[in-house]
Every structure is written in C-alpha cells, then in structure tokens.
Amino acid sequence: MCGIVGLFLKDQSLAPQLGNMLTDMLITMTDRGPDSAGIAIYGSESDGKTKITVQSPNPETDFVDLADELGKSLGVTVGQADNDTHAVLEIPARQFEAARAALAEIRPTVRIMSRGESLEIYKEVGLPKDVADRFSLSGMSGTHGIGHTRMATESAVTTMGAHPFNTGSDQCLVHNGSLSNHNSLRRKLRREGVTIQTENDTEVGAAYLTWKMMNGATLGEALESSIDDLDGFFTFVVGTKDGFGVVRDPIACKPAVMAETDQYVAFGSEYRALVNLPGIEDARVWEPEPATVYFWSHNDSPTTHEKAA
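First residue of the sequence shown: 1, per full-length UniProt numbering; consecutive thereafter.
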C-alpha cells in the first residue's frame, strides 16, 4: 500500500503554490506510506542547461567544491544549489553522460536522483511531513508535479528505493502496486542501453516508458503499451517536461481518484488527498477507468486514450 498524488496546472497563476498544494496532498497520504516520501517538481528552465539533482548521505563533505571539481572535469562552468541531502547541479545541455561518468569518479557516494531541463526530484526515508520540511517543498513553484508516500513491499527502505523514479530526461514515475515481470524486463532494458540503478520494480516501469519514448512513442502511446507489456497490479502517475499521465492496469484493484477544474487536474490515491485544493467543490471528480490512459499536455488539448482490457 502506497500513496500517490499528482497536480497538473492549467492556470499558471497557481505556479507559486504548486509545492504547497502538493505537500499538503502528500502529507494527507502518510498512513498509506510512512517509510519514505518524494516529490518531483517541474519548475523553471535555464536555456541550454540541464539540471542534475543529486543526493548524498554525507552532504557536508560531498557537496563541498562539487561544482568546481565537476566543472574542471568537464571543462565547463557548473552551477550548484544545495538543499539538505540534495543538490541541483546545472550543466550545459548534452553533457549529462559525461557528467554522470565524472561524478562516479570524483564523488562515488553521490547518487543521481533526476536530470532534465525543468525536473527536480527530492526524496528521502522518513515520514512525508519530515521529508517535505527538510527540503522546504511547500515553497517550490512549477507547472506540474507528482509525489509518493511509500510502504515498502518489494525492496528495502532506502533513499534509492523511494519514488519518484527518473530514467529519462524530464521523465519520472510514481507507482502503487507490484510488477511481476520486472526481473526479465530489467535485463532486457539494460541490454537496450537504459540505465536502471536499483532492484525496485517501479524503476523498471519508469525505464520501460523511457525506452518506449526513446523509440518514438509519445507518453500516451507508451502508457498504452504498458497495459499489455507489464504484468501485475499497478497505478502509474507519470510526468514529462510538458505532460502528466495516469494509467491503471486492467483489473484496477489499487485505489485512485481524479479531479479536474479550469485551473488544474489532480490525482490522489484517495479523495481526501484532494479536499484542500482550491475550487474542489466545483471540480469534476471521477475514478479513472481500468486499462485507460489519461494524459494532459501544456502543448496540446487534454486527451483520454482508451484500450480494452
């Protein structure tokens, strides 16, 4: 049992409140997942730059002079903004693979949480309120975001086992459920060149979607394919740079509820995660259908794709 939340803003005047709204939603789901928590925020972009969010169990030593040393290794200027056990490094676009290799050399205990033009992921072990407080998540702004509270069933309670998982640029996933074919799929995806860092089944789900999109699928098409290719019980909420998607497996035994107004689209494992959102009393509220893909994009009109179970 885990808790999932997501918020996609149509009205960008709400952007400064995104972190506050997501944090409230996340904390409401504490009893569904007290082991660890995380939030992915799609915020501001820097032209020609890539953000790498990293984590260290020893930030007081690992983050000292990190930007300078990474910049020397890459021959570029690197920006750095520390936030508790996490730091956001800003590097020139198309330098991520070189930066990954350099980080492994100069800071082997630092782990990459996410990368992308606008994506930042913050996650740690602990109660959702404590995790939110240590990163000041409520003060963050952005266009959309997703969050997760975890009750571990498939792997150990660690920072790397917490959600969201990022396996492609500006793409991440949170998951409630269990995938039964993740071991064979992990081997296949690694052969295809997709980086998977953990033994967590959810990271395999994220990597599968990354692989499909690397091969030309849209987010909606990748989610549709997951219905056939992923075995088990799952509710996915996915973020990309421009979009937000939801899909449930054909049996749909994991709880889910959605709400939509002129200002936002929201997702929660339970309705109580949505009750404090502005205008929720006038929202269209529904339970997402089994084997049905829902996605919204800031570039296109909202779309629903249906696929027979």
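Where a beta carbon is used, it is the ideal one built from N, C-alpha and C, also for glycine.
Three-state secondary structure (DSSP) of Ser114: Counting from 1 along the sequence shown, the entry for residue 114 is found at position 114. Of the three classes helix, strand and coil, the one that applies to Ser114 here is strand, per DSSP.
Cβ neighbours of Leu189 in the same chain (closer than 8 Å, five flanking residues each side left out): Residue 189 sits at position 189 when you count from the first residue of the sequence shown. Ile196, Val204, Ala207, Tyr208 and Trp211, listed in sequence order.
Given Val64 as reference, the closest of Lys49, Gln80 and Thr53 once Cα atoms are compared: Position 64 of the sequence shown, counted from the start, is the residue given in the question as residue 64. Looking at the Cα atoms, Gln80 is the closest of the given residues.
Inside the stretch 177 to 245 only - alpha helix (DSSP H) runs reaching at least 4 residues: 182 to 191, 201 to 214 and 219 to 229
Cα-Cα separation, Val275 to Cys172: For the purposes of this step, residue 275 is taken as the residue at position 275 of the sequence shown. For the purposes of this step, residue 172 is taken as the residue at position 172 of the sequence shown. Distance between the alpha carbons of Val275 and Cys172: 25 Å.
For Val285 and Leu75, the rounded distance between their alpha carbons: Along the sequence shown, one-based indexing puts residue 75 at 75. Along the sequence shown, one-based indexing puts residue 285 at 285. The question names Leu, yet the displayed sequence has Gly at residue 75. Distance between the alpha carbons of Gly75 and Val285 is about 52 Å.
Alpha-carbon spacing of Gly6 relative to Asp24, whole angstroms: Along the sequence shown, one-based indexing puts residue 6 at 6. Along the sequence shown, one-based indexing puts residue 24 at 24. When rounded, the distance between both Cα atoms is 11 Å.
Proximal residues to Val110 (C-beta, below 8 Å), its chain only, five neighbours per side dropped: Counted from its first residue, the sequence shown places residue 110 at position 110. Here the set comprises Val54, Gln55, Ser56, Asp62, Leu66 and Leu103.
Per-residue DSSP class, three states only, for Arg100: Numbered from 1 along the sequence shown, position 100 holds the residue referred to as residue 100. Arg100 falls in the helix class under three-state DSSP.
Cβ-based neighbour list, Val174, same chain, cut-off 6 Å, excluding 5 preceding and 5 following: As a position in the sequence shown, residue 174 is number 174, starting the count at 1. Within the same chain, Val174 has close Cβ partners Ile4, Ile146, His148, His163, Pro164 and Val237.
Buried/exposed call for Gly216, threshold 16 Cβ in 10 Å: The residue you call residue 216 lines up with position 216 of the sequence shown. It counts as exposed.
Where Ser226 falls, given that 16 or more other Cβ within 10 Å makes a residue buried: For the purposes of this step, residue 226 is taken as residue 226 along the sequence shown, with counting starting at 1. So Ser226 ends up on the buried side.
Bounding residues of the beta strand (DSSP E) (the contiguous stretch that carries Val293): Counting from 1 along the sequence shown, the entry for residue 293 is found at position 293. Residues Thr292 to Ser297.
Best match in Ala40, Pro34 and Asp35 for proximity to Leu22 [C-alpha to C-alpha]: Numbered from 1 along the sequence shown, position 22 holds the residue referred to as residue 22. Leu22 has its Cα closest to that of Ala40, out of Ala40, Pro34 and Asp35.
Selected residue, minimal CA-CA separation from Arg272, among Asp228, Ala259 and Thr158: The count along the sequence shown starts at 1 and reaches residue 272 at position 272. Out of Asp228, Ala259 and Thr158, Ala259 has the C-alpha closest to the C-alpha of Arg272.
DSSP state of Gly71 mapped onto helix, strand, coil: Taking the sequence shown and counting its residues from 1, one reaches residue 71 at position 71. Looking at Gly71 - three-state DSSP - the assignment turns out to be helix.
Spatial distance of Trp296 from Thr143 (CA atoms): Your numbering for residue 296 matches position 296 in the sequence shown. Your numbering for residue 143 matches position 143 in the sequence shown. Roughly 12 Å between the two C-alpha positions.
Nearest-angstrom beta carbon gap, Lys51 and Gly116 [assumed within contact, 8 Å]: Translated into the one-based positions of the sequence shown, residue 116 becomes position 116. Translated into the one-based positions of the sequence shown, residue 51 becomes position 51. At roughly 6 Å, the Cβ-Cβ gap stays under 8 Å, so Gly116 and Lys51 are in contact.
Rounded Cβ spacing between His86 and Tyr122 (contact assumed at less than 8 Å): The count along the sequence shown starts at 1 and reaches residue 86 at position 86. The count along the sequence shown starts at 1 and reaches residue 122 at position 122. With 8 Å as the limit, His86 and Tyr122 qualify as a contact, their Cβ atoms being about 5 Å apart.
For Ser180, the nearest candidate out of Thr159, Ser141 and Asp249 (CA to CA): Indexing the sequence shown from 1 puts residue 180 at position 180. When each option's Cα is compared against that of Ser180, the closest is Asp249.
Residue from Gly71, Arg191, Arg100 and Asn299 whose Cα sits closest to the Cα of Leu219: Within the sequence shown, numbered from 1, the residue matching residue 219 stands at position 219. Of the candidates Gly71, Arg191, Arg100 and Asn299, the one whose C-alpha sits nearest the C-alpha of Leu219 is Asn299.
Through-space distance from Pro290 to Thr28, alpha-carbon basis: Taking the sequence shown and counting its residues from 1, one reaches residue 28 at position 28. Taking the sequence shown and counting its residues from 1, one reaches residue 290 at position 290. If you take the alpha carbons of Thr28 and Pro290, they lie about 25 Å apart.
Three-state class that DSSP yields for Ala15 in the structure shown: For the purposes of this step, residue 15 is taken as residue 15 along the sequence shown, with counting starting at 1. Here Ala15 sits in helix by DSSP.
For Asp282, the three-state DSSP class (helix, strand or coil): As a working mapping, residue 282 is identified with position 282 in the sequence shown. Asp282 falls in the helix class under three-state DSSP.
Alpha-carbon spacing of Ala98 relative to Val257, whole angstroms: Against the sequence shown, residue 98 aligns to sequence position 98. Against the sequence shown, residue 257 aligns to sequence position 257. When rounded, the distance between both Cα atoms is 41 Å.
Pro92 (DSSP reduced to helix, strand or coil): Here residue 92 corresponds to residue number 92 of the sequence shown, with the count starting at 1. Strand.
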